[in-house]
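Notes for the one structure printed next.
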Amino acid sequence: MFSKIKKLLQPKIKTLGNALAKNPLVIRMLKNLGFRDYDLPLNQSEDSKFLVLLIALMSFLSVLACSGTFALNDMAARWSSGLENKVTIEIAVETKDGHLLSNNTVRKETKKLAKGLKHSPMIKSLTVLSNAEIQELISPWIGDSLTLNDIPLPGLIAIELRNSNEKSLNTLKSDMLKLSKYARLETHHEWLGDLINFTRTLKNLSLFITLIIAGVTIIAITAGIRTRLAIHQKEVLLLHAMGATDHYIARQFQRHAMILSLKGGLIGAVLGLITTAVIIFLSAHSGTALIPTIEISGTGILLLCLIPIIASVIATITSRFTVLRNLSKIP
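Position one of the sequence shown corresponds to residue 1167 (this note's numbering), numbered consecutively onward.
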């Protein structure tokens, strides 16, 4: 049955193929995609695979570096927004004189302070943390196996202000000290600022690494194109003698570089995205609060997917300028 269907369809498929092959629109589209013969034997060069491998490696590293930049940017934004207008009041276990307060004293001071500040007009919300919540906060550093029942814990009050300007903070600190001399105000600004500065430094480092990768790629493509020009010097001179312009010859090289870089860019980007996805998965399932959850926004993922196109554009422009510059020296 299948053989009969094959015999019936084979002539029609052949006729359709011949018609498409002669169609000017199809021919133009295939030429634009690079499916045409070169006037220069560029696709027969042995170093084409090396160039594809090199661009794949550079694209892979670019995806990782850009992923780090986007992840750090999102992380800093989450930290900043999560602590906006929020402060913490602590009833410390140890006083300034070095004396330790009992758990009963800490609880009394915490309740008195929370009751006195509860109806303050500048406070939007106030939450007294229980001992279980405090233990959960410090468990990443000391582990879950250690029993904290006999260890004195500080009293913590999480407060969200309506507006955390300097005047509000000074007023809150004054009211706090009137209610309890053991209270301390933590605004998070100091350590959060240091953390964001550190994150910004890492982000700038990732951008610098990306620029280095782009520079190395340009240098490698330039060297490869010059080598091709030297190898095919006789063919280039022959095309010149036949009336081919410099721009025509340059298009031969730039199309070849575009196709190779697009192949390498796609391979490297796919491997980089898979590696990034694995890192994100491991961070989300690490089981410890010491390792932050890594997230990349949809815009960041879209930009990562554009890396093969960017690599292709860089390769095309680099090859064009390199060829035109070298051809201009030919008399």
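We put the CB at the ideal spot given by N, CA and C, even for glycine.
Coarse secondary structure for residue i, derived from DSSP in three states
| i | result |
| --- | --- |
| I1476 | helix |
| G1282 | helix |
| K1252 | strand |
| L1266 | strand |
| L1319 | coil |
| K1274 | helix |
| T1488 | helix |
| I1460 | coil |
| K1495 | coil |
| M1195 | Low confidence applies to M1195: its pLDDT is 44, below 50, so where it sits in the model is not reliable enough to give any reading. |
| K1170 | Note that K1170 has pLDDT 46, beneath the 50 cutoff, so the model's placement of it is unreliable and the number below is only indicative. Helix, per DSSP. |
| I1483 | helix |
| I1179 | Summary for I1179: the model assigns pLDDT 41, below 50, so the residue's position carries little reliability, and this model does not support an answer. |
| A1396 | helix |
Residue interval of the beta strand (DSSP E) (run including residue i)
| i | result |
| --- | --- |
| V1259 | No beta strand (DSSP E) contains V1259, which DSSP labels as neither H nor E. |
| L1292 | I1289 to V1294 |
Endpoints, the alpha helix (DSSP H) within which residue i is located
| i | result |
| --- | --- |
| N1427 | Correcting the residue type first, residue 1427 is Ser in the shown sequence and not Asn. S1427 -> alpha helix (DSSP H) spans D1412 to A1450. |
| I1467 | G1464 to C1471 |
| K1400 | Q1399 to A1407 |
CB of residue i within 7 Å of CB of residue j, strictly
| i | j | result |
| --- | --- | --- |
| G1544 | S1485 | Past the boundaries of the shown model lies residue 1544; the chain is included only from 1167 to 1497, so the question cannot be answered. |
| S1427 | I1221 | yes |
| A1242 | I1425 | no |
| G1282 | L1322 | no |
| G1234 | S1372 | yes |
| V1229 | I1473 | yes |
| I1462 | A1237 | yes |
| T1383 | T1488 | no |
| T1276 | I1257 | yes |
| M1288 | S1334 | yes |
| P1320 | V1259 | yes |
| A1380 | L1279 | no |
| L1493 | D1412 | yes |
| I1415 | L1404 | no |
| A1481 | A1423 | yes |
| R1328 | K1284 | no |
| I1460 | I1446 | yes |
| S1330 | N1270 | no |
C-alpha gap between residue i and residue j, whole angstroms
| i | j | result |
| --- | --- | --- |
| S1225 | E1326 | 45 Å |
| S1268 | T1441 | 51 Å |
| E1401 | T1365 | 53 Å |
| Q1420 | D1360 | 47 Å |
| S1286 | L1338 | 9 Å |
| V1294 | K1274 | 12 Å |
| T1376 | N1370 | 10 Å |
| L1343 | L1351 | 9 Å |
| L1468 | R1244 | 20 Å |
| A1324 | T1353 | 11 Å |
| A1407 | Q1399 | 12 Å |
| N1239 | S1449 | 16 Å |
| I1385 | H1355 | 44 Å |
| G1409 | K1429 | 32 Å |
| V1436 | L1227 | 11 Å |
| T1261 | G1438 | 53 Å |
| G1390 | F1216 | 10 Å |
| S1246 | S1296 | 25 Å |
| S1214 | T1393 | 11 Å |
| P1318 | L1303 | 15 Å |
| L1266 | T1367 | 40 Å |
| Q1418 | I1483 | 13 Å |
| I1378 | L1358 | 30 Å |
| A1443 | F1374 | 23 Å |
| L1223 | I1433 | 9 Å |
The ligand COA heavy atom lying under 6 Å from the CB of residue i
| i | result |
| --- | --- |
| N1370 | With respect to the ligand COA, the structure shown offers nothing to examine, as it has no ligands at all. |
Start-end ranges of the beta strand (DSSP E) lying completely within the stretch 1324-1365, minimum 3 residues: Listed in chain order, they are 1349-1352.
Contiguous alpha helix (DSSP H) assignments of at least 4 residues, all confined to the stretch 1368-1394: The qualifying runs do not exist here; there are none.
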